[in-house]
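Here the sequence shown is numbered in the UniProt record's numbering, starting from 1 and rising by one per residue. Think of the CB as a built atom: it goes at the ideal place given N, C-alpha and C, for glycine as much as any other residue.
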Amino acid sequence: MPTKSKPKKRKKTLVIVESPAKAKTIEKYLGRNYRVIASKGHIRDLPKSQMGIDFENHYEPKYISIRGKGDTIKELKAEAKKAKEVYLASDPDREGEAIAWHVAHALNLDDTAKNRVTFNEVTKDAVKNSFKHPRAINMDTVNAQQARRILDRIVGYSLSPILWDKVKKGLSAGRVQSVALKLVIDREKAINNFKPEEYWTIDAEFKKKTKIFKAQFWGINGKKQDLPNNDAVKNVLAKIDKKQEFNINNVVKRERRRQPAAPFTTSTMQQEANKRLSYRTRRTMSIAQQLYEGISLGKEGTVGLITYMRTDSKRISPIAQAEASKFLNEKYGAQYAAKGARHFKNQEDAQDAHEAIRPTSVYRTPESLKAVLTTEQYRLYKLIWSRFLASEMTPAVYDTVRADAEQNGVIFRTTGSKMKFAGFTKVYDNQQEKSSELPELENGDIVKLAKSDNKQHFTLPPARYTEASLVHALEENGVGRPSTYAPTIDTLQRRYYVKLEAKSIVPTELGEIVDDLIEKFFPDIVNIDFTAQLENDLDSIEAGQKNWVKVVDEYYHPFKKELDKADADIKKVQIKDEPAGFNCDICGAPMVIKMGRYGKFYACSRFPECRNTKAIVKKIGVLCPKCGKGDVVEKKSKRNRKFYGCSRYPECDFVSWDKPISRQCPNDGHFLVEKRSKHNLVVLCPNGDYSEEPREEEKENQ
């Protein structure tokens, strides 16, 4: 009897994505006839050991397999041989398109075949629908990415050796990085050159029957007037008779509508997460990536909770708008849902390749997901969910009042508002604005001056950049793209060109040296308009309007001239060692202050014969509350978080995250600390049984 032959194993369709987390999620959506594996990002790139660009052959890049990706490439090839067909489903942006092209090259796939699928959200419907409309790899998009990569390589690999030779080994310079550094340093120069100007204000409290309201001096005889000095204040006060009543006039009552903000783009998400949640830009993008790739929701399986998080568009799909409208009608009522589709205007240079960042379903409320999300994921998801839902809601409506209180020509002005309809603020719960309500005021009313307070002020310099405001400045100037902001800021900090003090970005001495050198010899690199124009040219390449080789050529030749001149003209920068003022405790030679990769430190002047080094610590003027012998010094943890410890460590192991002060708690004798909240500084006992507002001298020492 003939033996039965085994049935042939059915070949599967292979799908290649970027991330292993996303691979698991998508394989569940597509079913058993599909095999989904990850390339784990790029598999080919320019070599690290050389420029990797053939300048004589139209800037042909010399791509090689990335070191450490050998096993991944072997797995991709093995799975592709077994597959019925292969689809490339890397992320829907320039980098993703380039990754798909590199994978196609490694697997010898036809890059004109319709084997490229993209989806803006990792949900079952979006993924399945994408396979109904496959397309060929978009070579215009690939070429835009190649042009950026090649130009960045030329700039980085040409400037960095000059910095190593003329300044210090280990330094680097990049196209977007150099512009960001210049913005930070220009702001610091503006702060240092700022000259404060004196001005005064007169605040007053008026009484109508039993109700008190506040007003500020506005002007005299119907004309607005500034108060530049105390003489001007005395002149105003001389006109006022405190026993005489004031007349209310010029009462203006209006209805003001406050519109909701647009849903998040990458940069606005980074800015809000930094301001509201104190998340660094890199941290925000990492958490957003997790939400996009998918979170396990139990019985529902793994689901992507937000749309693609690298976007400069404010556009929302009609399907998402319809779902938001339905949700709002059910939860809050028809009066809260926007009437008709709302459209937000994109920036002029926006690529608009993807939707804005939004939840994949508004019915997945933050509260319903709280049990399955980490605290960080929950907070960022709530920020994204609330912002999107608010953008699809009606305006908040306020009744506003403006009125003048006048006596002898002296005018004090008051404004007030009262919420009439919550509108989109309903979704923010306790974040709603408080109303600044006034008593009922009408023209001809009489009010009494309860008290007045004149204060001297001085104009303040511009604020240092935070990560949020630097991202805003880069975007506003058209420098870089959403995907570049986080790594750019991270690189500046890793190279110690800038440092973070609280939330402020402060340039270092090393950063100033590098910026000065680049600005002097490579002015185009730090020219904002020049850099923004390159971004426009890259967009034109992607749109098929410009040839990538010609664009690279236009930027390379002027740069090459600057490079040759700089190499000949730049003199070696000497970062001189400063005397530390004490001797080495190992060999007795004088100690000096050196500049290292992570800032300044003490080192023995006999280096390399003697390798003694010490960290530079900042004394805060307080004796150690534990041993009473050492000084409390400011230190930094491995994660760059500030803390306080005893200078006698390891003999004394005192440590505190909060800054100790030289006073004790009146209740239990424990040392007091200063703790900074979001809006102010308080003095409290770590044991929790005493707190107070800081004294004036403590405020001044901040």
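From Ala89 to Ile99, what does the alpha carbon distance come to, in whole angstroms?
Position 89 of the sequence shown, counted from the first residue, corresponds to residue 89. Position 99 of the sequence shown, counted from the first residue, corresponds to residue 99. Taking the straight line joining both Cα atoms gives about 10 Å.
Compare the C-alpha of residue 706 against each of Glu519, Lys619, Lys546 and Gly621 and name the closest.
This structure cannot speak to residue 706, because the chain is shown only from 1 to 702.
Alpha helix (DSSP H) runs wholly inside the UniProt domain "Toprim" (12-122), at least 4 long, in chain order
List check, alpha helix (DSSP H) in window: 20-30, 70-82 and 94-106.
Pick out the complete beta strand (DSSP E) segments inside the stretch 599-631, 3 residues or longer, and give them in chain order.
Whole beta strand (DSSP E) segments, 3+ residues: 599-604, 613-615 and 618-623.
How is Met139 classed by DSSP in three states: helix, strand or coil?
The residue given as residue 139 occupies position 139 in the sequence shown. Looking at Met139 - three-state DSSP - the assignment turns out to be helix.
Exposed unless 16 or more other CB atoms sit within 10 angstroms - verdict on Ile384
As a first step, residue 384 must be located in the sequence shown, where it is residue number 384. Ile384 comes out buried.
Please work out which residues of its chain come closer than 6 Å, Cβ to Cβ, to Lys451, disregarding the five sequence neighbours upstream and downstream, and give them in chain order.
Position 451 of the sequence shown, counted from the start, is the residue given in the question as residue 451. Around Lys451: Glu205.
Do Val479 and Ser267 have their CB atoms nearer than 7 Å?
Within the sequence shown, residue 479 is the residue found at index 479, counting from 1. Within the sequence shown, residue 267 is the residue found at index 267, counting from 1. In this structure, Ser267 does not lie closer than 7 Å to Val479 by Cβ.
Within the same chain, show all residues whose beta-carbon is closer than 6 Å to that of Glu197, passing over the 5 residues directly before and after it, in chain order.
Working through the sequence shown from its first residue, we reach residue 197 at position 197. Correct list, in chain order: Thr459.
Since Leu389 is in the alpha helix (DSSP H), which residue starts that stretch and which ends it?
Sequence index remark: in the sequence shown, residue 389 carries index 389 (1-based). Here the alpha helix (DSSP H) through Leu389 covers Thr375 to Ser391.
Which residue from Thr201, Val176 and Phe521 puts its Cα closest to that of Asn477?
Looking up residue 477 in the sequence shown gives position 477. Selected option, being the one with the closest Cα: Val176.
With 16 other Cβ atoms within 10 Å as the buried cut-off, status of Trp164:
Sequence index remark: in the sequence shown, residue 164 carries index 164 (1-based). Flag for Trp164 reads exposed.
Quick one, are the C-beta atoms of Val410 and Lys239 less than 7 Å apart?
Here residue 410 is taken as the residue at index 410 of the sequence shown, counted from 1. Here residue 239 is taken as the residue at index 239 of the sequence shown, counted from 1. Result yes, Cβ atoms of Val410 and Lys239 sit closer than 7 Å.
Let me know if His354 comes out buried or exposed under the rule of 16 or more other beta-carbons within 10 Å of its beta-carbon.
Locating residue 354 in the sequence shown gives position 354, where the first residue counts as 1. Buried.
Following the continuous alpha helix (DSSP H) through Arg254, name the residue where it begins and the one where it ends.
Your numbering for residue 254 matches position 254 in the sequence shown. Element bounds for Arg254: not the alpha helix (DSSP H) but the beta strand (DSSP E), Phe246 to Arg258.
What's the gap between the Cα of Ser656 and the Cα of Gly511?
By 1-based counting over the sequence shown, the position of residue 656 is 656. By 1-based counting over the sequence shown, the position of residue 511 is 511. When rounded, the distance between both Cα atoms is 31 Å.
For the structure I just gave you, are there three or more beta carbon pairs, one from the stretch 486-501 and one from the stretch 534-545, closer than 8 Å?
The stretch 486-501 vs the stretch 534-545: no contact.
Is the beta carbon of Tyr34 less than 7 Å from the beta carbon of Lys12?
In the sequence shown, the residue the question calls residue 34 occupies position 34. In the sequence shown, the residue the question calls residue 12 occupies position 12. The answer is yes: Cβ separation under 7 Å.
Could you tell me whether the Cβ atoms of Thr141 and Arg94 are closer together than 7 Å?
As a position in the sequence shown, residue 141 is number 141, starting the count at 1. As a position in the sequence shown, residue 94 is number 94, starting the count at 1. Yes, these two residues count as a Cβ contact at 7 Å.
Rounded to whole angstroms, how far is the Cβ of Glu97 from the Cβ of Asn138, which I believe are closer than 8 Å?
Position 97 of the sequence shown holds residue 97. Position 138 of the sequence shown holds residue 138. Contact holds; Cβ gap of about 6 Å.
What residue range is occupied by the uninterrupted alpha helix (DSSP H) comprising Arg310?
Position 310 of the sequence shown holds residue 310. Careful: Arg310 lies outside any alpha helix (DSSP H) and carries neither H nor E.
Determine the DSSP secondary structure at Arg342, reduced to helix, strand or coil.
Within the sequence shown, the letter at position 342 stands for residue 342. DSSP places Arg342 in coil when its eight states are reduced to three.
DSSP puts residue 778 in a beta bridge; with which residues?
Because the chain spans 1 through 702 in this model, residue 778 falls outside it and cannot be assessed.
Could you give the DSSP three-state label for Trp657: helix, strand or coil?
Taking the sequence shown and counting its residues from 1, one reaches residue 657 at position 657. Trp657: coil per DSSP, three-state reduction.
With a threshold of 8 Å on Cβ separation, who are the neighbours of Cys624 within its own chain once the five nearest residues in sequence on each side are excluded?
As a position in the sequence shown, residue 624 is number 624, starting the count at 1. Here the set comprises Gly630, Asp631, Val632, Cys646, Ser647, Arg648, Cys652 and Phe654.
Let me know the secondary structure DSSP gives residue 706 once reduced to three states.
Residue 706 falls outside the range modelled here, since the chain spans only 1 to 702, and no answer is possible.
Measure the CB-CB distance between Gln216 and Asp231 and report whether it falls below 7 Å.
Position 216 of the sequence shown, counting from 1, holds the residue named residue 216. Position 231 of the sequence shown, counting from 1, holds the residue named residue 231. No, the pair does not count as a contact, with Cβ atoms beyond the cut-off.
Assign Ile468 to one of two classes, buried (16 or more other C-beta atoms within 10 Å of its C-beta) or exposed (fewer than that).
The count along the sequence shown starts at 1 and reaches residue 468 at position 468. Note on residue identity: the sequence assigns Ala, not Ile, to residue 468. It counts as buried.
What is the C-beta distance between Gly52 and Arg153, in whole angstroms, given that I count them as a contact (C-beta under 8 Å)?
The residue labelled residue 52 in the question sits at position 52 within the sequence shown. The residue labelled residue 153 in the question sits at position 153 within the sequence shown. That pair is a contact at about 7 Å.
Rounded separation between Ile248 and Val233 - CA only:
The count along the sequence shown starts at 1 and reaches residue 248 at position 248. The count along the sequence shown starts at 1 and reaches residue 233 at position 233. Their backbone Cα atoms lie some 22 Å apart in a straight line.
Does Arg10 come out as helix, strand or coil in the three-state DSSP assignment?
Taking the sequence shown and counting its residues from 1, one reaches residue 10 at position 10. Here Arg10 sits in coil by DSSP.
Within 10 angstroms of the Cβ of His343, are there 16 or more other Cβ atoms? Answer buried if so, exposed if not.
Walking along the sequence shown from the start, residue 343 turns up at place 343. His343 is exposed by the Cβ-count criterion.
Rounded distance between the beta-carbons of Thr414 and Glu438, thought under 8 Å:
Working through the sequence shown from its first residue, we reach residue 438 at position 438. Working through the sequence shown from its first residue, we reach residue 414 at position 414. Going by the sequence as given, residue 438 is Leu instead of Glu. Sure, about 6 Å apart at Cβ, within 8 Å.
Go ahead and label Thr374 buried or exposed: buried means 16 or more other beta carbons lie within 10 angstroms of its beta carbon, across all protein chains shown.
The sequence position of residue 374 within the sequence shown is 374, counting from 1. Counting Cβ neighbours within 10 Å, Thr374 comes out exposed, since fewer than 16 surround it.
From the DSSP output, which residues share a beta bridge with Gln664?
One-based indexing of the sequence shown puts residue 664 at position 664. According to DSSP, Gln664 bridges with Phe671.
DSSP state of Thr466, grouped into three classes?
The sequence position of residue 466 within the sequence shown is 466, counting from 1. Thr466: strand per DSSP, three-state reduction.
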